[in-house]
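Peer 1: Quick one: the structure is below, and I'll ask about it shortly.
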Amino acid sequence: MAETTESGQAPSRLVSHFLNRDRNDQSSGWAELWDTDQSDFWDRGKPSPALIDWIESQPEVLRSTPNRRLKALIPGCGKGYDVAMLALHGFDVYGLDVSQKGIETARAYATAELEEPSPYNFASEDTCDLAKNSIGIVKFIQSDFFQRDWEKEVAGGDFEGFDLIYDYTFLCALPPAMRKDWARRMSELLAPSGILICLEFPLYKDLGAPGPPWGLKGVHWNILAKGGDGIMDENSASETRSLHGLFNRVVYFQPPRSYENGKGTDMLSCWKLKK
């Protein structure tokens, strides 16, 4: 008889794949999915429309200096859609993933996309024309986000933090017990003046339902602003003002464009380290 969830329903294939894995076996679980050609679980087929729109609306905030390009990180970068898109917008971008096959797939995609960009990388034709003269570098690294050994591969080892980090389906892939570590690691990787951008997903899913993806309603606020552990239920998802976290939320809105998988509930939040 198949194991069922608390609701009495059979778990999805993705949930079943991770049911009996502890936190030390998460990376191998995702690598196995890559190796068995099951990346369809998280593949959206294009870069994030919400991130594109926000980046193109913030030229005064996200402008490289004459002496240095802004550095961006995409942890759990998948097939590299957002990595290539950010490079086309002038960032030097680092894509991080635990799977060698995933890295190879992303590298091949980015190489082709930077040579001949698809229109879906831009919100407007004007931005597309400007990109041709300002493409950043792309580097993919196979490693574990929670380890520090890969940082030496960033900017020749002269690493002072990323100017931008983007999370879409990375946090929701982690077991709840790892959420506090995710927040701490983000604080270590972000430059003092950098910005963490989160497309919060899935917000429609019950916090008690098994994952991945794990429901995240209120979780970003809890771990980044409140300094909580992110292990929550529906009664603890309110935004109280007892804020002991490492981050301030500076932007929060529902993006006009996002992926259909979000069922119209995705929110975009931007965070900066407290001074």
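Each residue of the sequence shown is one higher than the one before, counting from 5 in the numbering used here. We put the beta carbon where it would ideally sit given N, CA and C, even for glycine.
1. Between the beta-carbon of Lys-276 and the beta-carbon of Asn-252, is there less than 8 Å?
2. Between Phe-166 and Leu-194, which are expected to be in contact by the criterion C-beta below 8 Å, what is the C-beta distance as a whole number of angstroms?
3. Going along the chain, which residues of its own chain have a beta-carbon closer than 7 Å to the beta-carbon of Ser-138, five neighbours each way excluded?
4. Exposed or buried, Met-5, counting other C-beta atoms within 10 Å across all chains shown (16 or more means buried)?
5. How would you write the range of the alpha helix (DSSP H) that Ala-91 sits in, first residue to last?
6. Find the nearest neighbour of Val-19 within the set Gln-62, Pro-214, Tyr-208, judged by alpha-carbon distance.
7. Report yes or no: do the stretch 91 to 108 and the stretch 140 to 154 share at least 3 C-beta pairs separated by less than 8 Å?
8. So Asp-233 and Lys-279 are supposed to be a Cβ contact under 8 Å. How far apart are they, rounded?
9. Quick one: using the 10 Å Cβ neighbour count with 16 as the cut-off for buried, is Pro-79 buried or exposed?
10. Is Glu-164 closer than 8 Å to Ser-273 when the C-beta atoms are compared?
11. Could you have a look at Arg-27 and say whether DSSP puts it in helix, strand or coil?
12. Quick test of your reading: Asp-96 and Arg-73, contact by CB under 8 Å. State the CB separation rounded to the nearest angstrom.
13. Would you mind reading off the limits of the beta strand (DSSP E) that contains Met-271?
Peer 2: From the atom records:
1. For the purposes of this step, residue 276 is taken as the residue at position 272 of the sequence shown. For the purposes of this step, residue 252 is taken as the residue at position 248 of the sequence shown. Contact flag set, yes.
2. Along the sequence shown, read from residue 1 onward, the residue named residue 166 stands at position 162. Along the sequence shown, read from residue 1 onward, the residue named residue 194 stands at position 190. About 6 Å separates the two Cβ atoms, so the contact holds.
3. Reading the sequence shown from its first residue, position 134 is the one you call residue 138. So the qualifying residues of the chain are Gly-94.
4. On the sequence shown, position 1 is the one that residue 5 refers to. At Met-5, the pLDDT of 25 sits below 50, so the modelled position is not reliable and the matter cannot be decided from this model.
5. Working through the sequence shown from its first residue, we reach residue 91 at position 87. Where Ala-91 is concerned, the enclosing alpha helix (DSSP H) stretches over 85 to 92.
6. In the sequence shown, the residue the question calls residue 19 occupies position 15. Among Gln-62, Pro-214, Tyr-208, the Cα nearest to that of Val-19 is on Pro-214.
7. yes
8. Here residue 233 refers to the residue found at position 229 of the sequence shown. Here residue 279 refers to the residue found at position 275 of the sequence shown. Their Cβ separation, rounded to whole angstroms, is 24 Å, which puts Asp-233 and Lys-279 out of contact at 8 Å.
9. Against the sequence shown, residue 79 aligns to sequence position 75. Looking at its Cβ environment, which holds 16 or more other Cβ atoms inside 10 Å, Pro-79 is buried.
10. If you number the sequence shown from 1, residue 273 lands on position 269. If you number the sequence shown from 1, residue 164 lands on position 160. No, these two residues do not count as a Cβ contact at 8 Å.
11. Stepping through the sequence shown from its first residue, residue 27 is reached at position 23. Looking at Arg-27 - three-state DSSP - the assignment turns out to be helix.
12. As a first step, residue 96 is located in the sequence shown; it is residue number 92 there, counting from the start. As a first step, residue 73 is located in the sequence shown; it is residue number 69 there, counting from the start. Right, the Cβ-Cβ distance comes to about 5 Å (below 8 Å), so this counts as a contact.
13. Indexing the sequence shown from 1 puts residue 271 at position 267. It spans 271 to 277 - the beta strand (DSSP E) in which Met-271 sits, taken as one unbroken run.
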